[in-house]
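Engineer: Structure below; questions to follow.
Number of protein chains: 2
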Amino acid sequence: MPKLDLDTIEPTNRTGYPEPFASDVAGRWYRRIGDAAEFKDFGASHVVLTPGATSAQRHWHEDEDELVIMLAGEAVLVEDDGRETMQPGDIAIFPMGAANGHHLVNESEADCAFVAIGRQGTGVVHYPDIDLVWNGPARRYEHKDGSPY
Amino acid sequence: MPKLDLDTIEPTNRTGYPEPFASDVAGRWYRRIGDAAEFKDFGASHVVLTPGATSAQRHWHEDEDELVIMLAGEAVLVEDDGRETMQPGDIAIFPMGAANGHHLVNESEADCAFVAIGRQGTGVVHYPDIDLVWNGPARRYEHKDGSPY
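For the record, the sequence lines run as chains A and B. Using my numbering, read the first sequence as starting at 40 and increasing by one per residue. Using my numbering, read the second sequence as starting at 40 and increasing by one per residue.
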């Protein structure tokens, strides 16, 4: 049956971020539910943020749409223009190319959980707050001057 | 801000099903949140089922992955091999080509709500219980003998 038993998928807190940016997402535990289903059209992750963890460094994608659906607990969605609280049932939409960095921060004292849906892009990911760029075509993180990590 | 205010999107209960199959989804009220975001990578709908309504005729897609995330209330997921109850936070995965028709039925006495994610496919959709096939290449519903509705 297609109802997902999350316990059958091992969570990971792996990240490709170079330090010092990796530690901010050490409390981000995710399960790649799209991979478990062998999805081809898009990817999906079930993500738990422990208190203090962030979903990602604040970023935006040149070529990937993103959708977030809050399932449990509470997180703060941070963008250029402010902060909003996300609660269970809340939905956030991040269309590709919208040049407004976003991430979720768990500022509460309990875990929170959400599902994030996206497609593996090949383009550039921008991180407005830090000296980091994902060079999609070259498949590597770079400093903003183009030098590699 | 990208947090979605569902009230800004008009719900519809439109369906392309021919009768007598349309009436089963008359209580399916959906908002195309992917279209509202001008998503290109995939589509997403926020769906409310009134008591007695179904999400769709039981079906499976040759060429579309589908993901359902339950938000509120309760629905019964029906497949070839049985029934499962979906409650808030539950996730169901339907990989393309898995020849096992599925749908959600609201057998409760209250509305239920979920988000469904998929991509507009061009292939065939099979309806095992009824005399209906979606002929994707021809963009029309047909009887199982290939004659059009």
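Backbone N, C-alpha and C define an ideal beta-carbon position, used for all residues, glycine too.
Tell me where the alpha helix (DSSP H) around residue 72(B) begins and ends.
Structural biologist: Residues 72-75.
Engineer: Under a Cβ-count criterion, where at least 16 other Cβ atoms within 10 Å of its own Cβ denotes burial, should residue 112(A) be classed as buried or exposed?
Structural biologist: Result: buried.
Engineer: Please report whether the beta-carbon of residue 88(A) lies at a distance below 8 Å from any beta-carbon of chain B.
Structural biologist: Chain B contact via Cβ: absent.
Engineer: Quick one: residues in its chain with C-beta nearer than 6 Å to the C-beta of residue 188(B), no 5 flanking neighbours on either side, listed in chain order?
Structural biologist: Here the set comprises 57 and 180.
Engineer: So, at 6 Å on beta carbons, what are the nonlocal neighbours of residue 143(A) in its own chain, with the 5 sequence-adjacent residues on each side left out?
Structural biologist: Here the set comprises 94, 114 and 116.
Engineer: Whole angstroms is fine: what's the gap from residue 107(A)'s alpha carbon to residue 44(B)'s?
Structural biologist: C-alpha separation (whole angstroms): 14 Å.
Engineer: Within the same chain, show all residues whose beta-carbon is closer than 7 Å to that of residue 110(A), passing over the 5 residues directly before and after it, in chain order.
Structural biologist: Excluding positions up to five away in sequence, the list reads 127, 152, 153 and 154.
Engineer: Could you check the C-alpha separation between residue 139(B) and residue 120(B) for me, to the nearest Å?
Structural biologist: When rounded, the distance between both Cα atoms is 8 Å.
Engineer: How big is the Cα-Cα spacing for residue 175(A) and residue 103(A)?
Structural biologist: Cα-Cα distance, rounded: 11 Å.
Engineer: Do you know offhand how far residue 52(A)'s Cα is from residue 91(A)'s?
Structural biologist: About 14 Å.
Engineer: In chain order, what residues of the same chain have a beta carbon less than 8 Å from the beta carbon of residue 75(B), not counting five sequence neighbours either side?
Structural biologist: Around residue 75(B): 43, 47 and 48.
Engineer: Would you grab the beta carbon distance between residue 101(B) and residue 136(B) for me? Rounded to a whole angstrom, and I think it's under 8 Å.
Structural biologist: Indeed they touch by this definition, with Cβ atoms about 6 Å apart.
Engineer: Does the beta carbon of residue 172(A) sit closer than 8 Å to a beta carbon anywhere in chain B?
Structural biologist: No, residue 172(A) lies away from the interface with chain B (no Cβ there is under 8 Å from its Cβ).
Engineer: What is the rounded straight-line gap between the Cα of residue 97(B) and the Cα of residue 62(A)?
Structural biologist: Going by the C-alpha atoms only, they are around 46 Å apart.
Engineer: Which one of 71(B), 158(B), 147(B) and 165(B) has the shortest CA to CA distance from residue 130(A)?
Structural biologist: Nearest of 71(B), 158(B), 147(B) and 165(B) to residue 130(A), Cα basis: 71(B).
Engineer: Counting contacts by CB-CB distance shorter than 8 Å, is residue 64(A) in contact with chain B?
Structural biologist: No, no contact with chain B.
Engineer: Which chain B residues are close to residue 123(A), counting only those with a beta carbon under 8 Å from its beta carbon?
Structural biologist: Here the neighbours are 40 and 42.
Engineer: Could you tell me which residues DSSP pairs with residue 123(A) in its beta bridges?
Structural biologist: According to DSSP, residue 123(A) bridges with 116(A).
Engineer: At which residues does the beta strand (DSSP E) containing residue 107(B) begin and terminate?
Structural biologist: Start and end: 105-111.
Engineer: Select from 156(B), 165(B), 167(B) and 172(B) the residue whose C-alpha is nearest the C-alpha of residue 82(A).
Structural biologist: The candidate whose alpha carbon is nearest that of residue 82(A) is 156(B).
Engineer: Does DSSP classify residue 186(A) as helix, strand or coil?
Structural biologist: Note: residue 186(A) maps to coil in three-state DSSP.
Engineer: In chain order, what residues of the same chain lie with their CB nearer than 6 Å to the CB of residue 191(A), ignoring the 5 residues before and after it?
Structural biologist: Summary: the structure shown does not reach residue 191(A), with chain A confined to residues 40 through 188, and so no result is reported for it.
Engineer: Just the Cα atoms here: how many angstroms apart are residue 160(A) and residue 182(B)?
Structural biologist: About 39 Å.
Engineer: Any C-beta of chain B sitting closer than 8 Å to the C-beta of residue 144(A)?
Structural biologist: Not one chain B Cβ lies under 8 Å of residue 144(A).
Engineer: Taking Cβ positions, are residue 54(B) and residue 150(B) nearer each other than 8 Å?
Structural biologist: Contact: no.
Engineer: Under a Cβ-count criterion, where at least 16 other Cβ atoms within 10 Å of its own Cβ denotes burial, should residue 186(B) be classed as buried or exposed?
Structural biologist: Label assigned to residue 186(B): exposed.
Engineer: Using a Cβ cut-off of 8 Å, pull out every chain B residue sitting near residue 141(A), in sequence order please.
Structural biologist: Correct list: 41.
Engineer: Whose Cβ in chain A lies nearer than 7 Å to the Cβ of residue 155(B)?
Structural biologist: Under the 7 Å cutoff, chain A gives no residues; its nearest Cβ is about 11 Å from residue 155(B).
Engineer: Return the CA-CA distance between residue 86(B) and residue 172(A), expressed in angstroms with no decimal places.
Structural biologist: Approximately 37 Å between the Cα atoms of the pair.
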